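Heads up, the sequence shown is in our numbering, so the first residue is 40 and it goes up one at a time. Just so you know, even glycine gets a beta-carbon here, dropped at the ideal spot from N, CA and C. On a predicted model such as this, the values are computed, not experimentally measured, just so you know.
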Amino acid sequence: MSAQFTVGLGCDRGVLLETVREALQAALTAAGARADQVVAAASITLKKDEVALLALAEENGWPLHFYEAHELAAVDVPHPSETVRKYTGTPSVSEAAALLAAGPDTPMTALVVEKHKLKGADGRNATISIARKTP
């Protein structure tokens, strides 16, 4: 069986689907992975109504999990951000979400793409992290 991955998603409010798609494709390429190897996507509950994230999960057939800020904040990540904490209540959205979706106690060493950030043509940012799913 080929490797399985989970994708953590972060973005600016109102980001376009095309920006998130572009960031995802670059992150998958960096990981040497394909979209059909992704078994789940995840983000913070603040983004549960973010149209681009919902559409990305739907078009790829991925379940999309949402975690509370305190759940994400409890995860050790390589690139915590005080800016992210200021706006979301957690120092990491994409990295922590990817790790939580990969399974309980997944270590940060499971991140194959840590924090791929892309500013799209819409002027908004999308951040993608990819973790190897634990068996």
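- To the nearest angstrom, how far is it from the Cα of G128 to the Cα of P143? Mapped onto the sequence shown, residue 128 falls at position 89. Mapped onto the sequence shown, residue 143 falls at position 104. Rounded to the nearest angstrom, the gap between the Cα atoms of G128 and P143 is 21 Å.
- Item | Own chain residues within Cβ distance below 7 Å of K172, not counting five before or after | Residue 172 sits at position 133 when you count from the first residue of the sequence shown. The answer, listed in chain order, is Q43, F44, T45, V78, A141, G142.
- Task: Within 10 angstroms of the Cβ of H155, are there 16 or more other Cβ atoms? Answer buried if so, exposed if not.
- Result: By 1-based counting over the sequence shown, the position of residue 155 is 116. Under a 10 Å Cβ-count criterion, H155 is classified as buried, with 16 or more other Cβ atoms of the shown protein chains found around its own Cβ.
- Let me know if V90 comes out buried or exposed under the rule of 16 or more other beta-carbons within 10 Å of its beta-carbon. Residue mapping note: residue 90 aligns to position 51 of the sequence shown, counting from 1. Under this definition V90 is an exposed residue.
- Task: Output the boundary residues of the alpha helix (DSSP H) element that contains R171.
- Result: Along the sequence shown, one-based indexing puts residue 171 at 132. Per DSSP, R171 is not a residue of any alpha helix (DSSP H); the beta strand (DSSP E) it occupies stretches across 164-171.
- Task: For the segment 51-134, list the beta strand (DSSP E) runs that are entirely contained and at least 3 residues long, ordered along the chain.
- Result: The qualifying runs are 77-83, 103-106.
- Message: One question on the structure: do V54 and D161 come within less than 8 Å of each other, judged by their Cβ atoms?
- Response: Within the sequence shown, the letter at position 15 stands for residue 54. Within the sequence shown, the letter at position 122 stands for residue 161. Yes, Cβ-Cβ distance for V54 and D161 is below 8 Å.
- Query: How about G47 and V123: do their beta carbons lie closer than 8 Å?
  - Reply: Along the sequence shown, one-based indexing puts residue 47 at 8. Along the sequence shown, one-based indexing puts residue 123 at 84. No, the pair does not count as a contact, with Cβ atoms beyond the cut-off.
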